[in-house]
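Right, one structure below, let's go through it.
Protein chains: 2
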Amino acid sequence: MAISEQKRTFQLHLQDLSDHNPAFLETIYALANGHLGVRASDPLQGNSHAVTGMPGLFVNGFYDLSQISYGEKYAGYPENNQTIAQLPDPRYLVIEIDGQRSDEATFTTRLVDKNLDLETGLLNELFEITTPGGKMLQLSLSTFASQADDAIFGESYTVRPLNFSGSVKLYKQHPYIDQVFDRESDPRAVVRKNGLDRQYLSADFPAMQITTQRSQLGLVLMWRYLGEDSLVHFDQNDGMPRYVMDLDLEQGLAESFDFGYSVGDIHSLMDVAMNHATYLKEANNHLEHHSFSSLFTESARQMQAFWRDADIQIEGDPESQKGIRFNLFHLHQSAGHDGHTSIPAKGLTGAGYEGHYFWDTEMFMLPAFIYTDPDRAKQILMYRFQTLDSARQQARDYGLDSGALFPWRTINGSEASPYFPAGLAQMHINADIAYAVAEYVAVTDDQTFLAEAGFEIILETARFWQRMGSFGVDGPQGGHFVLNKVTGPDEYTALVNNNYYTNRLAQHNLRLAVIFAKQLQAVGSDKLEALGVTDKELADFSHSADEMYLPFDKELGVKMQDDGAFNMPIWPFDQTPRDDYPLLLHYHPLRLYSHQVNKQADTLMSDFLFPEDQDIEQLKRDFDYYEPITTHDSSLSRAIFSVLANRIRAHHKAYRYIAESMLTDLNNSQGNSQDGIHVGNMGASWMEMVFGVAGMQRTKSGLVFSPHLPTQWMGLGFKIKYRDEQVEVHVTRSQTQFTLVHGNGLTLTCDDQKVTLNESTPTVVVDLVDK
Amino acid sequence: MAISEQKRTFQLHLQDLSDHNPAFLETIYALANGHLGVRASDPLQGNSHAVTGMPGLFVNGFYDLSQISYGEKYAGYPENNQTIAQLPDPRYLVIEIDGQRSDEATFTTRLVDKNLDLETGLLNELFEITTPGGKMLQLSLSTFASQADDAIFGESYTVRPLNFSGSVKLYKQHPYIDQVFDRESDPRAVVRKNGLDRQYLSADFPAMQITTQRSQLGLVLMWRYLGEDSLVHFDQNDGMPRYVMDLDLEQGLAESFDFGYSVGDIHSLMDVAMNHATYLKEANNHLEHHSFSSLFTESARQMQAFWRDADIQIEGDPESQKGIRFNLFHLHQSAGHDGHTSIPAKGLTGAGYEGHYFWDTEMFMLPAFIYTDPDRAKQILMYRFQTLDSARQQARDYGLDSGALFPWRTINGSEASPYFPAGLAQMHINADIAYAVAEYVAVTDDQTFLAEAGFEIILETARFWQRMGSFGVDGPQGGHFVLNKVTGPDEYTALVNNNYYTNRLAQHNLRLAVIFAKQLQAVGSDKLEALGVTDKELADFSHSADEMYLPFDKELGVKMQDDGAFNMPIWPFDQTPRDDYPLLLHYHPLRLYSHQVNKQADTLMSDFLFPEDQDIEQLKRDFDYYEPITTHDSSLSRAIFSVLANRIRAHHKAYRYIAESMLTDLNNSQGNSQDGIHVGNMGASWMEMVFGVAGMQRTKSGLVFSPHLPTQWMGLGFKIKYRDEQVEVHVTRSQTQFTLVHGNGLTLTCDDQKVTLNESTPTVVVDLVDK
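Top to bottom, those sequences are chains A and B. Going by full-length UniProt numbering, the residue at position 83 of the first sequence is 83; the numbering climbs one at a time, nothing skipped. Going by full-length UniProt numbering, the residue at position 434 of the second sequence is 434; the numbering climbs one at a time, nothing skipped.
See the structure below:
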């Protein structure tokens, strides 16, 4: 089915959403491009003093510091929180009618319609504005965050008087510099106290330099009218630069105005202070001599290129189709691509999680990029390489004489988690990053990246495990390499010894260091010497990896989440009211920690990542043990269960998990989408399709597929890149079709059948076996 | 040796102290009486606006609340800190000479001498005051906190011009209501933000009502001149009541003035607002028609009665003699005795630990009271009974449908620890309190207390363990009763499964509930029915206790601190600089938690409490394992090691621990005595003497002694009360003499020899066996 035929499933229409809470809609319809993100707020509210909603412009990596306050503060605790700045909403507009201004009097804004065209990234909105005097005006607004030039946010306003003719004035101005709101319902949401400074810059359009007080960063923000209308003029009002539109409108007739915002790169405070004239010129270059439509066309072209590689078609289930496209759209929008930024857990759609990067990026979002947009995957990994020195410092501060420990949550590369049992203790992030580096290299064969950045990440994280771990002396751990007092992905269990997932990933991390060191050695790289790698060190890595302790309950034949996990009582699920979920908002952490209850896949996450570790019987035992004690309070959980359910051929269950997770944000099923989208979940839904439904696995001998289409669907189609090839996969209930889209050809496996694609045989169809 | 002959060892003279840091001296010479405590600050600084030092009046149980700020706050975290109020310093005096006032100009105060007579509780101080103009004045000050009437603090000032004759004015006034200082060096020291209000009360002497804003408590504070001198008059200065002394002094000739302060009981804010006239009258009754000397004589008489029962004589070692007397003095001074207050960890000598009560009270301070002042021991336990409802609420909040969980640190009975891994998780406090109740009952045979209060404490704490624990299913814990995710006394290890100490104490707690329930049943008490105790419940308690899991390393033959403890690497002591102790101020908790390193006796604390649990060989193995990994960063640690060293006949080592711990505050060996004394350590030094040197143990068949005098000493003498008897014990190197001081007689055991004391044979001498 061609994309054009599915046009409707590229449209996200207001009527598709059951939740019309304004803050929720602000998130869902937010537009971003990896550099900037803008919430879809009421345009009359966005920068008013009596603001409602949670409007704002977010710039990836633009944050301030604020001191963390602790009840008791111990040595080595982070001093500062890092919080993404919530900058003035570019959609903001002031309307003046009969001398009454919308930023002073109470104008009513009724949302009439909202439609996001996922295919081009254009958001169209229609509002009905009523003045206190009863005059009504229709306001339509088209916006996009440029995918072609990430400095740009484009806007086209149209106003039409509905019940009057007369004078209307419009102002494009931003009197307030910061948009900060206290939110207290979620313990992970810290009260934000950014200190932003503004300086207006001299130009014939409004421009300002915005700087942060404690992190000492700065950028240039400017906007210009994109047109020639003489009714629009630039002026300064008490020193505040603005555009004023002085109109005489006739009832029923519309007038339009286009604006472009340019958000410059992030510089140091010093730099921006010295060079703001240069930076302003650069920012202006993005807009000058451009029109809304020329800018939009460029952007839409890039957006379509994205869909060409990344689209997933779900046939016979329009809701899931829309869901996956919505997820892919936001995943793409959220990803930094300059090597200095990554993907915030909430994208650039809200201030949730302070705009921090977590392990989700590498473990849940990156796979989609690796297989559809490897360049961007590389940039995301480069962010970790750029912050490796901070990770080294964290390992030193922790008391280790070598190695690196990546922060659990961060923007600038330093740890920002104030709660170490579910922060610093989640050291698995180190091995997660190493895992992701290796996956990227394996899929792309990007040896340059490996030699220049990837190996150093893997080596330094391996060194951390080697120093942090030790050999047990007692019980089943005796003689084995053990990792004590860590927290795994499941944050309902903390500070345990030998978390299965952590140990297994650390083992992988240590082995990767040895494998890649030997590869580099083989090609005569001088990297090993430069990094001080010795044969002795590699031998130690191998020994620790070989002796890594992996807790296992022999009686049950189940992998144990950690030492002692199975001696905890099972959480009293039958006495837990439905309203008490997510549990962490209702029960003391200590109560959760002393029970068997999982927030998300933990040990099963290891089974997911390492299919070669277990046969299907083992996987079944693990799955059956952990499923009943998992609450899926994390949006990262269900996708893993879905993929594994497919592997154990519990296909109905696999589909149920897809259905429950695909629309996490569209249905606000976590109940906090107003604070931002769940990008990890969005990446995970790509995994559900490709790793789950299509059953794709990367093995030493290449890609292997084991597809099984849910009975609710007619077909599943997607493309993946592997080395220099691009392959289109189309799964139906009876067969799977593989088509070489790009490249010289490759051999893959589908249900034990070899599939060889090349120029002469670009398409092969495999009949599905009964599973 | 009679006390009078040892007069010198009752004097704590400035020259005895090597540390003359003013804040340290403020603590060491602080005077208290269980209700109020006053630091021995510079009398010219105490309530000035440019205050130096840490002056203040503390009233046991008089605290305010302040909201705790968390980096991340989870469900069930305490909302509020409780902080003892630091009230105006009653020693404060303003001197005016030549129109210059000591609260406005910079007068110099040189401390000439300070001497505390421990025997009577009188503190004499001599200061040399120099005005900015060079006039010099000698100020001597005698103070006491009345042991006879705990509302009273008495003061006698004497001034003598040294180099001039002329007019001198003195003021007794308190312009400031609060004395608050930020201290940041210790993470456990929270920045205090009390909100105190003051209202002056109408009287012909200065009086005020002081109330707290958030905890809504109030008390009356007043002072009066105790004399008839017409040079002293009461007036109001801009509404502030004060005494003014208008003197014409001749060089070299002294003039004296006596004042009495009365600090009323704590009431609710509402109560004190309604009844302040009554309360003021009560407060005044303590002082009116009294003189300094009549009040002091009453107090000294009580102090002497205290020494008669509680003194410990160490012969041949004046330093230790002074040390133990200093410790006993402060222990006595610090103890609440109204059934509504307990003993703050720093006594009433400073704001350290916020004035909170911890487990130290029951486990380290109470034994001295049980054996020397059982009435006060009962009052201290009654405090727990009074707060049992809060403990029940804490168990409910934790999710248990019955039982009680006492707070780790508190004033008002609610948890005030902001750091649950070393707060709420230290659930052993529940069993510690139950243990203390049982010890008190066993020693005093106070069946009334047991029936009316003690049993309910023991029952409710046992119910907590029964609900909180569960049966293990896996490994050596399988089938056993396990307690997961708790923290033992050693705070360098946290959130472990089956902490030996906790499990053993909980086992004891469960058994105590059964034993006492059956005792009450036997005497036909209706208590069991009233408390809903069933035979089934008691059977469950017994079953859980019998199956309690106690971790043990069979290979090493050593009791394990917890599951997995021995698989942690040993802390790298050889790479730890001396300045890095105490470790918790220099290393991240997670780093400590993942190593074998003990802040204080943990498993050994169980060996100490339950000598019947192990033979001497087992005790040796435990001792030898834990001693090298213990830093004694807690002042509670060395005493336990000392007692146990005596039990394993490592007598030299036992003495070394005594020498290192006896003078903890006098030598400021923890480095933080300026924040207050270490009362737990002081109680522990009583234990070192009686349980250690004299080797006293309470067994089912009565008291057993196994004395061994350090070779450095000539003798050790003390008295203990047991049931209705009081016995004096005197240990020398060759023999021990037991004398019945009071009562009808009893039989005890000394080195396997029965000793029967009665009216006809009040004294028995036992020759020491070689150990």
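Glycine included, each C-beta is placed from N, C-alpha and C at the ideal position.
Keeping to the same chain, check which residues put their C-beta closer than 7 Å to that of residue i; ignore five residues upstream and five downstream.
i: residue 680 of chain B; result: 345, 360, 364, 365, 635, 636
i: residue 245 of chain A; result: 169, 170, 231, 232, 257
i: residue 753 of chain A; result: 766
Using beta carbons (cut-off 7 Å, strictly below), is residue i in contact with chain A?
i: residue 548 of chain B; result: no
i: residue 420 of chain B; result: yes
i: residue 485 of chain B; result: yes
i: residue 558 of chain B; result: no
i: residue 472 of chain B; result: yes
i: residue 424 of chain B; result: yes
i: residue 624 of chain B; result: no
i: residue 553 of chain B; result: yes
Sort out for me which residues DSSP pairs residue i with in a bridge.
i: residue 157 of chain B; result: B:141, B:257
i: residue 209 of chain A; result: A:199, A:220
i: residue 772 of chain A; result: Look at the range of chain A in this structure, 1 to 771, and you will see that residue 772 of chain A is not part of it.
i: residue 463 of chain B; result: Partner(s): none; residue 463 of chain B has no beta bridge.
i: residue 136 of chain B; result: B:130
i: residue 32 of chain A; result: A:37
i: residue 726 of chain A; result: A:721, A:742
Please tell me whether residue i has its Cβ less than 7 Å away from any Cβ of chain B.
i: residue 187 of chain A; result: Only weak support exists for where residue 187 of chain A lies, its pLDDT of 45 falling under 50; the coordinates are left without a value.
i: residue 490 of chain A; result: no
i: residue 183 of chain A; result: Unreliable positioning characterises residue 183 of chain A in this predicted model, as indicated by a pLDDT of 37, which lies under 50. A coordinate reading is not provided.
i: residue 479 of chain A; result: no
i: residue 510 of chain A; result: no
i: residue 495 of chain A; result: yes
What does a CB cutoff of less than 6 Å around residue i pick up in its chain, not counting 5 residues either side in sequence?
i: residue 586 of chain B; result: 580
i: residue 683 of chain B; result: 331, 364, 365, 368
i: residue 185 of chain B; result: At residue 185 of chain B the pLDDT is 43, less than 50, meaning the model places this residue with poor confidence and gives no usable figure here.
Among the residues of its own chain, which have a CB less than 8 Å from the CB of residue i, if the five just before and after it don't count?
i: residue 163 of chain B; result: 134, 135, 136, 251
i: residue 770 of chain A; result: none
Please determine whether the Cβ atom of residue i lies at a distance below 6 Å from any heavy atom of the ligand GTP.
i: residue 546 of chain A; result: This structure does not include the ligand GTP; it has no bound ligands of any sort.
So which residues on chain C does residue i lean against when the C-beta distance must stay under 8 Å?
i: residue 482 of chain A; result: In the structure shown, chain C does not exist; the protein chains are A and B.
Residues in the UniProt domain "Glycoside hydrolase family 65 N-terminal" (25-174) of chain A having any Cβ partner in chain B nearer than 9 Å: 68, 69, 70, 71, 72, 73, 74, 75, 76, 77, 78, 81
Could you name the residues of the stretch 578-596 of chain B whose beta carbon sits closer than 7 Å to any beta carbon of chain A, in the order they occur along the chain? Within the stretch 578-596 of chain B, the residues whose Cβ lies closer than 7 Å to any Cβ of chain A are, in chain order, 584, 585, 586, 587, 588, 589, 590, 591, 593, 594.
Meets three-Cβ-pair contact criterion under 8 Å: the stretch 601-617 of chain A and the stretch 478-495 of chain A: As far as the Cβ criterion goes, the stretch 601-617 of chain A touches the stretch 478-495 of chain A, which means the pair count is three or higher.
Cβ contact (3+ pairs, closer than 8 Å) linking the stretch 455-464 of chain B and the stretch 418-437 of chain B: yes
Okay, do the stretch 526-542 of chain B and the stretch 631-650 of chain B touch, 3+ Cβ pairs below 8 Å being the bar? Contact fails: fewer than three Cβ-Cβ distances are below 8 Å.
Below 8 Å, how does it come out for the stretch 582-591 of chain A and the stretch 497-506 of chain B: are there three or more Cβ pairs, yes or no? no
Does the stretch 266-283 of chain A touch the stretch 86-102 of chain A, meaning 3 or more C-beta pairs lie closer than 8 Å? no
Tell me which residues of the stretch 560-577 of chain A have at least one Cβ-Cβ distance to chain B shorter than 7 Å, keeping chain order. 563, 564, 566, 567, 568, 569
Do the stretch 114-131 of chain B and the stretch 144-160 of chain B make contact, defined as three or more Cβ pairs closer than 8 Å? yes
Short of 8 Å Cβ to Cβ, which residues in the stretch 383-407 of chain A face chain B? 397, 398, 399
Any 3 or more C-beta pairs closer than 8 Å across the stretch 713-720 of chain B and the stretch 660-670 of chain B: No, they do not touch.
Is it true that the stretch 374-393 of chain B meets the stretch 434-441 of chain B, where meeting means three or more beta-carbon pairs spaced less than 8 Å apart? Short answer: they touch.
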